[in-house]
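Engineer: Residue numbers (the working numbering): 5 to 214.
What follows is the structure, given as structure tokens:
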């Protein structure tokens, strides 16, 4: 996986982190300054839970993925969401949470469970799930195949999360019959299904989505 060194600031302390490229993309696209805490990792979450256990904050209870790890993930998200990143006072209006990986990856399970609990707790008016999936095109006949996305959404729903928006990666614009098929099988309104073109320069994406 590609990495870049990102310079972040926290008060007057500067540190260089090796993070996923997407963190830098978010900074450049949104013109914001992210902090060390904006990069949520499994290691950080587990370390925070272990530290609490060592301090006796769980009162001798058996530390489990649910509720201790999942609660730690939700607490981290809510805490970081209150940190100003655009130079203005106060929290952001919208907090973007990117959960990487592939549906079914064991590494992502605690995060998926945590986000499922989080979405239920804050309510549908405060949580929107955008699922990015691949709609491959068969080069021979040019047919767009929806099965990968269908299976991905089915797996996601089985884990307690239902997408509100489908962002479909493809080499060409989704055909109307393809959108209708995805809408029917994925339970997402056709108006909420958008195409994300494969492009050589990521900066073209916002222009294509206008």
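Even for Gly, the Cβ is constructed at its ideal location relative to N, Cα and C.
1) Take residue 26 and list the residues in its own chain whose beta-carbon comes closer than 7 Å to its own, dropping the five residues that flank it on each side.
2) Where residue 87 and residue 79 are concerned, what is the direct C-alpha to C-alpha distance, given to the nearest angstrom?
3) According to DSSP, which residues form a beta bridge with residue 172?
4) Counting only the same chain and skipping the five closest in sequence on each side, list residues whose C-beta sits under 7 Å from that of residue 196.
5) At the level of alpha carbons, what is the spacing between residue 198 and residue 179?
6) Spatial neighbours of residue 206 within its chain, please: CB distance less than 8 Å, with the 5 preceding and 5 following residues excluded, ordered by chain position.
7) Pick helix, strand or coil for residue 188, following the three-state DSSP scheme.
8) List the DSSP bridge partners of residue 148.
9) Does DSSP put residue 55 in a helix, in a strand, or in coil?
10) Measure the beta-carbon distance from residue 185 to residue 141 and round it to whole angstroms, keeping in mind my assumption that it falls under 8 Å.
11) Whose C-beta lies closer than 8 Å to the C-beta of residue 96 among residues of the same chain, with five residues either side of it excluded?
12) If we ignore side chains and look at the alpha-carbon of each, how far apart do residue 76 and residue 115 end up?
13) Looking only at its own chain, which residues have a Cβ that is under 8 Å from the Cβ of residue 165, when we skip the five neighbours before and after it?
14) Hey, residue 174 and residue 154: beta-carbon distance below 8 Å or not?
15) Specify the secondary structure class of residue 39 as computed by DSSP and reduced to three states.
16) Between 136, 36, 157, 183, which lies nearest to residue 92 when the distance is taken from Cα to Cα?
17) Give me the residue from 131, 159, 129 with the minimum Cα distance to residue 137.
Structural biologist: For this structure:
1) Walking along the chain shown from the start, residue 26 turns up at place 22. Within the same chain, residue 26 has close Cβ partners 102.
2) Here the question's residue 87 lines up with position 83 in the chain shown. Here the question's residue 79 lines up with position 75 in the chain shown. If I take the Cα positions, the gap works out to 13 Å.
3) Looking up residue 172 in the chain shown gives position 168. The partner list for residue 172 (beta bridge, DSSP) reads 137, 199.
4) For the purposes of this step, residue 196 is identified with residue 192 of the chain shown, where counting begins at 1. So the list reads 168, 169, 170, once near-sequence residues are dropped.
5) Taking the first residue of the chain shown as 1, we reach residue 198 at position 194. Taking the first residue of the chain shown as 1, we reach residue 179 at position 175. Each residue's alpha carbon lies about 11 Å from the other.
6) Within the chain shown, numbered from 1, the residue matching residue 206 stands at position 202. Contacts found: 29.
7) In the chain shown, residue 188 corresponds to position 184, counting from 1. Residue 188 falls in the helix class under three-state DSSP.
8) Sequence index remark: in the chain shown, residue 148 carries index 144 (1-based). The partner list for residue 148 (beta bridge, DSSP) reads 141.
9) Position 51 of the chain shown, counted from the first residue, corresponds to residue 55. In the structure shown, residue 55 sits in a helix (DSSP, three-state: H, G or I).
10) Numbered from 1 along the chain shown, position 181 holds the residue referred to as residue 185. Numbered from 1 along the chain shown, position 137 holds the residue referred to as residue 141. The pair is not a contact, with the Cβ atoms about 15 Å apart (cut-off 8 Å).
11) Here the question's residue 96 lines up with position 92 in the chain shown. So the qualifying residues of the chain are 85, 88, 89, 90.
12) Taking the first residue of the chain shown as 1, we reach residue 76 at position 72. Taking the first residue of the chain shown as 1, we reach residue 115 at position 111. If I take the Cα positions, the gap works out to 10 Å.
13) Working through the chain shown from its first residue, we reach residue 165 at position 161. Closer than 8 Å at the Cβ level, and outside the excluded window around residue 165, lie 116, 119, 120, 123, 133.
14) Position 170 of the chain shown, counted from the first residue, corresponds to residue 174. Position 150 of the chain shown, counted from the first residue, corresponds to residue 154. No. Outside cutoff.
15) Taking the chain shown and counting its residues from 1, one reaches residue 39 at position 35. Of the three classes helix, strand and coil, the one that applies to residue 39 here is coil, per DSSP.
16) Here residue 92 is taken as the residue at index 88 of the chain shown, counted from 1. Comparing Cα positions, the closest option is 36.
17) Residue 137 sits at position 133 when you count from the first residue of the chain shown. Measuring from the Cα of residue 137, the nearest candidate turns out to be 159.
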